[in-house]
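Structure record follows, encoded as structure tokens.
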Amino acid sequence: MRFQGQTEYDHDGPSPGSGVLLNNLGTPDAPNAKALRRYLRQFLSDPRVVEIPRLLWLMILYLFILPLRPKSSAKLYQQIWTEAGSPLMDITLRQARALQARLDQVYGEGVIPVATGMRYGNPSIAKALRELTDRNVHNIVVLPLYPQYCGATVG
Numbered sequence: 002m003r004f005q006g007q008t009e010y011d012h013d014g015p016s017p018g019s020g021v022l023l024n025n026l027g028t029p030d031a032p033n034a035k036a037l038r039r040y041l042r043q044f045l046s047d048p049r050v051v052e053i054p055r056l057l058w059l060m061i062l063y064l065f066i067l068p069l070r071p072k073s074s075a076k077l078y079q080q081i082w083t084e085a086g087s088p089l090m091d092i093t094l095r096q097a098r099a100l101q102a103r104l105d106q107v108y109g110e111g112v113i114p115v116a117t118g119m120r121y122g123n124p125s126i127a128k129a130l131r132e133l134t135d136r137n138v139h140n141i142v143v144l145p146l147y148p149q150y151c152g153a154t155v156g
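The sequence shown runs 2 to 156 under the numbering used here.
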């Protein structure tokens, strides 16, 4: 996702607020082959995730991985999927609710909103940013929940 400047800022309107974006790696929308294929395509198409020559990688991805891997991955996801959905999504949303509750307690209800965005999959970072900017939040603190080293996190 590339940076896009704000073009519709209202200099005469209310002062912009602050907010928090909890950012996590992502998860498929469902534990089935179709959702896994969509998620894997987005995740594995990122040149920061797989750092081999692009043309070679795209051939491997589209000829071998995407036709074969989603079905076997779906079976594995089905084993860990819960009533609340993906464990990663559930934990991330619980962290967001807990952070929102604490911020509400300290600063007042809704003064500092918390949004959740996934690098790959849903809800996207773009959606979370729109959610915040729709609330006149322009000062955003990003809290990445996947701090391990890789090109996708430090790129």
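Glycine included, every Cβ here is placed at the ideal spot set by N, Cα and C.
Is the beta carbon of residue i sitting closer than 8 Å to the one on residue j?
i, j, result
"T117", "A99", "no"
"G27", "R120", "yes"
"N24", "L146", "yes"
"S73", "L62", "no"
Quick one: residues in its chain with C-beta nearer than 6 Å to the C-beta of residue i, no 5 flanking neighbours on either side, listed in chain order?
i, result
"N33", "A75"
"E132", "A116"
"Q43", "Y121"
Taking 7 Å as the limit between beta carbons, can you name the residues of its chain near residue i, skipping five residues before and five after?
i, result
"S30", "Here residue 30 is Asp; the residue named in the question, Ser, does not match the sequence. Here the set comprises A36, G122 and N123."
"K128", "G118"
"P48", "R55"
"W58", "V51"
What do you get for residue i, buried or exposed, if any count of 16 or more other CB atoms within 10 angstroms of its CB means buried?
i, result
"Y108", "exposed"
"P190", "This structure does not reach residue 190, given that the chain is present from 2 up to 156, and the question cannot be answered."
"I126", "buried"
"V143", "exposed"
"I81", "exposed"
"V138", "buried"
"T93", "buried"
"R103", "exposed"
"R38", "buried"
"L22", "buried"
For residue i, which beta-bridge partners are listed by DSSP?
i, result
"S125", "M119"
"S19", "N140"
"T83", "G86"
"N24", "G118 and P145"
Among the residues of its own chain, which have a CB less than 8 Å from the CB of residue i, if the five just before and after it don't count?
i, result
"N140", "P17, G18, S19 and G20"
"R136", "G18, G20 and P114"
"D91", "T83 and A85"
"V112", "G18, L104 and D105"
Write down the C-beta distance between residue i and residue j rounded to the nearest angstrom, noting that I regard them as a contact closer than 8 Å.
i, j, result
"L41", "P71", "6 Å"
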